[in-house]
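Since the structure comes first, as structure tokens, the remarks are kept for the end.
Chains as they are written, first to last, in the numbering used here: chain E, 5 to 427; chain V, 3 to 225.
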């Protein structure tokens, strides 16, 4: 007859307490271990200075900035449109989402964020959600690989490749898409794109299911990450976490629902929320978010005005010659368009003086742009609120009490990207 | 509407310390006259008005104006999604204001970043070190008087910087030009620029190997 055995799994707080108790009997020196900046599990150039007592972490001090390029300084010295390619390089695992976030931020400053044509909104939502799937696939794949499940990584990368193909046919670039423009998108959906996208959605669901069978009830996986690095609701809010890390801790806050932008209020989707805030919850939240993204894109493909090939000629850009570039054939034949083209290219989009903040629900969390404008085509100051930067600041809080080998799991569950953190 | 109500509540509590709420694109901004009181205002906003989420802190360099610095706080209430922006000015001589770390733990890294980039200090911050640049770096790169191309530095055995060879390049817009003609590369005559650029590097004498870098490897000589 089978017997059921209960195994006690302590959360990290209890583990810390137990460890401190146990430590009092042990005499020994603490060791300082330098993890990174070139460490396979830090996924980029994060350095963490760990203070160890045996295998137990007593203190962790993250060190960031190895990828600092001065994006905010650069932004002050070029027009709003010229900065779009730089946004590709923030969260370089989801460039399409960054493009959308940045375009919306500038449009908010211009006051045209609610005048975007519906087709443009649907295209942008699809871009953002494809980017979310892409980012989560990589995040989870790398997370699983660091835990020893290399198969999952291979599965997710097969799917990401298809997203790159979609991005390529959409924007011409696989990686650095620069797809949005202030007031619209670079070009309409290419022929056959929606079919390609539908096919991808079918395939990715099969693949997500396979990932689930490999991981979600896998004893090794669950034992390894459950009750590890618990972030309480209060801590998550206090440390400004956002995205799946915030929701993993049980805070139901998603900018797509709470401060709807684009056409999200017309779409039906759910917010995944965790229960305890451990690494396993963050994994589950990401898993569910991918499914919800698939759901959102499916609805977009159904509802998009103009349909797949835009036979009814729905606009994809705002109808304002002072914001969006005119069609090329008109530039050479019409005086007004020529002037618009000249002004937009040389001086940039003329923004009013003022200051706005726009936060976008990016795959990694809330990507925000605070733009302070004194008028003209160049921002006076642009602050990028990078979700990875804020999410990493909780490391000194959650690492102590964990084992050295847990660092890899915790970092994987936080899912950060240094390009965005260091800017 | 909610944002404005909450802003008025803060205004009612602190009176003259707070400016009239300014609204732009649906966002409400309050200006706090005395930077030394910022922590108190934040504490009130958090405990009494449920602004429990600090979205971001940023800083602005109003170069050439007095007071020189503006520090901007973005507050949010998770419970109802209300948002408010608090701004306060700090003079260049003082360059210091109290930390809000005791109100929101997330302020830690934001304040370190502002110190690193602008050189504004936060009194009471337990760990005010540089965060993106390295310890010992002598400048504050987001200040308006810091050139886009950078400044050469050398901290022996730690790190060094050189001026980026972008300045004067043929396809590079010039940093900080007042109008597009000053920025736009195509209106400039590349060879004259290169000669000028080299002469400037020469005169500065700090970085000989930079010479000729404006257009890739090899110096460009005057014909």
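Even for Gly, the Cβ is constructed at its ideal location relative to N, Cα and C.
Distance CB(residue i)-CB(residue j) smaller than 7 Å
i: residue 294 of chain E; j: residue 43 of chain E; result: no
i: residue 224 of chain E; j: residue 413 of chain E; result: no
i: residue 304 of chain E; j: residue 130 of chain E; result: yes
i: residue 188 of chain E; j: residue 320 of chain E; result: yes
i: residue 4 of chain E; j: residue 256 of chain E; result: Residue 4 of chain E falls outside the range modelled here, since chain E spans only 5 to 427, and no answer is possible.
i: residue 98 of chain E; j: residue 138 of chain E; result: yes
i: residue 144 of chain E; j: residue 410 of chain E; result: no
i: residue 120 of chain V; j: residue 148 of chain V; result: no
i: residue 18 of chain E; j: residue 400 of chain E; result: no
i: residue 4 of chain V; j: residue 84 of chain V; result: yes
i: residue 101 of chain E; j: residue 135 of chain E; result: yes
i: residue 90 of chain V; j: residue 127 of chain V; result: no
i: residue 41 of chain E; j: residue 53 of chain E; result: no
i: residue 149 of chain E; j: residue 157 of chain E; result: yes
i: residue 163 of chain E; j: residue 300 of chain E; result: no
i: residue 23 of chain V; j: residue 14 of chain V; result: no
i: residue 105 of chain V; j: residue 45 of chain V; result: yes
Chain-ordered neighbours of residue i on chain E, where CB pairs are closer than 7 Å
i: residue 133 of chain V; result: 68, 69
i: residue 29 of chain V; result: 360, 361
i: residue 127 of chain V; result: Within chain E, no residue comes near residue 127 of chain V; the closest Cβ sits about 13 Å away, beyond 7 Å.
i: residue 83 of chain V; result: 262, 263
i: residue 123 of chain V; result: Within 7 Å Cβ-Cβ: nothing; residue 123 of chain V doesn't reach chain E, min ~19 Å.
Listed by chain order, chain V residues near residue i by CB distance under 8 Å
i: residue 242 of chain E; result: 54, 106, 107, 108
i: residue 112 of chain E; result: 27
i: residue 310 of chain E; result: None at all; the shortest Cβ gap to chain V is about 29 Å.
i: residue 426 of chain E; result: 134
i: residue 403 of chain E; result: In chain order: nothing, as chain V lies at least about 15 Å away.
i: residue 281 of chain E; result: Simply none; closest approach about 15 Å.
Residue(s) in a DSSP beta bridge with residue i
i: residue 85 of chain V; result: V:78
i: residue 72 of chain E; result: DSSP, once it has assigned bridges, lists no residue as partnering residue 72 of chain E.
i: residue 67 of chain E; result: E:51
i: residue 38 of chain E; result: E:53
i: residue 62 of chain E; result: Per DSSP, none; premise fails for residue 62 of chain E.
i: residue 100 of chain V; result: V:125
Reduced DSSP secondary structure (H/G/I, E/B, other) of residue i
i: residue 123 of chain E; result: helix
i: residue 198 of chain E; result: helix
i: residue 216 of chain V; result: Here residue 216 of chain V scores only 42 on pLDDT, less than 50, and its place in the model should not be relied on; the value that follows carries that caveat. Three-state result, residue 216 of chain V: strand.
i: residue 156 of chain E; result: helix
i: residue 261 of chain E; result: helix
i: residue 355 of chain E; result: strand
i: residue 393 of chain E; result: helix
i: residue 1 of chain V; result: Nothing can be reported for residue 1 of chain V: it is not among the residues displayed for chain V, which extend from 3 to 225.
i: residue 143 of chain E; result: helix
i: residue 289 of chain E; result: helix
i: residue 141 of chain V; result: coil
i: residue 125 of chain V; result: strand
i: residue 208 of chain E; result: helix
i: residue 81 of chain E; result: coil
i: residue 108 of chain V; result: coil
i: residue 159 of chain V; result: coil
i: residue 25 of chain V; result: strand
i: residue 147 of chain V; result: coil
i: residue 247 of chain E; result: coil
i: residue 326 of chain E; result: coil
i: residue 12 of chain V; result: helix
Within chain E, partners of residue i - CB distance below 9 Å
i: residue 162 of chain V; result: Here the premise fails: no neighbours, minimum Cβ distance about 15 Å.
Contacts of residue i in chain V (Cβ-Cβ under 7 Å)
i: residue 257 of chain E; result: 80
i: residue 77 of chain E; result: 143, 144, 150
i: residue 385 of chain E; result: 62
i: residue 297 of chain E; result: Residues of chain V passing the Cβ test: none, with the nearest at roughly 22 Å.
i: residue 397 of chain E; result: 108, 110, 111
i: residue 393 of chain E; result: 111
Residues that residue i contacts on chain E, provided the C-beta gap is smaller than 8 Å
i: residue 57 of chain V; result: 244, 361, 363, 370, 372, 389
i: residue 138 of chain V; result: None at all; the shortest Cβ gap to chain E is about 13 Å.
i: residue 87 of chain V; result: 359, 361
Near the ligand ADP: residue i beta-carbon under 6 Å from a heavy atom
i: residue 9 of chain V; result: Although the ligand ADP was asked about, the structure shown includes no ligands whatsoever.
Below-7 Å beta-carbon distance, residue i vs any chain A residue
i: residue 72 of chain E; result: Annotation note: the requested chain A is absent from the structure, which comprises protein chains E and V.
- request: Tell me, please, whether the segment 395-413 of chain E touches the segment 213-224 of chain E by the rule of three or more beta-carbon pairs shorter than 8 Å.
  value: no
message: Whether or not the segment 333-344 of chain E and the segment 170-177 of chain E are in contact is what I'm after, with contact meaning three or more pairs of Cβ atoms, one per stretch, closer than 8 Å; do they touch?
response: no
message: Three or more C-beta pairs under 8 Å: does that hold for the segment 66-85 of chain V against the segment 407-427 of chain E?
response: no
query: Counting pairs of Cβ atoms below 8 Å between the segment 72-86 of chain E and the segment 375-384 of chain E, do you hit three or more?
result: yes
- prompt: Counting pairs of Cβ atoms below 8 Å between the segment 23-42 of chain V and the segment 54-68 of chain V, do you hit three or more?
  reply: no
- prompt: Is there contact here, the segment 363-378 of chain E with the segment 386-393 of chain E, by at least three beta-carbon pairs under 8 Å?
  reply: yes
query: Can we say the segment 256-271 of chain E touches the segment 117-125 of chain E, given the rule of at least three CB pairs closer than 8 Å?
result: yes
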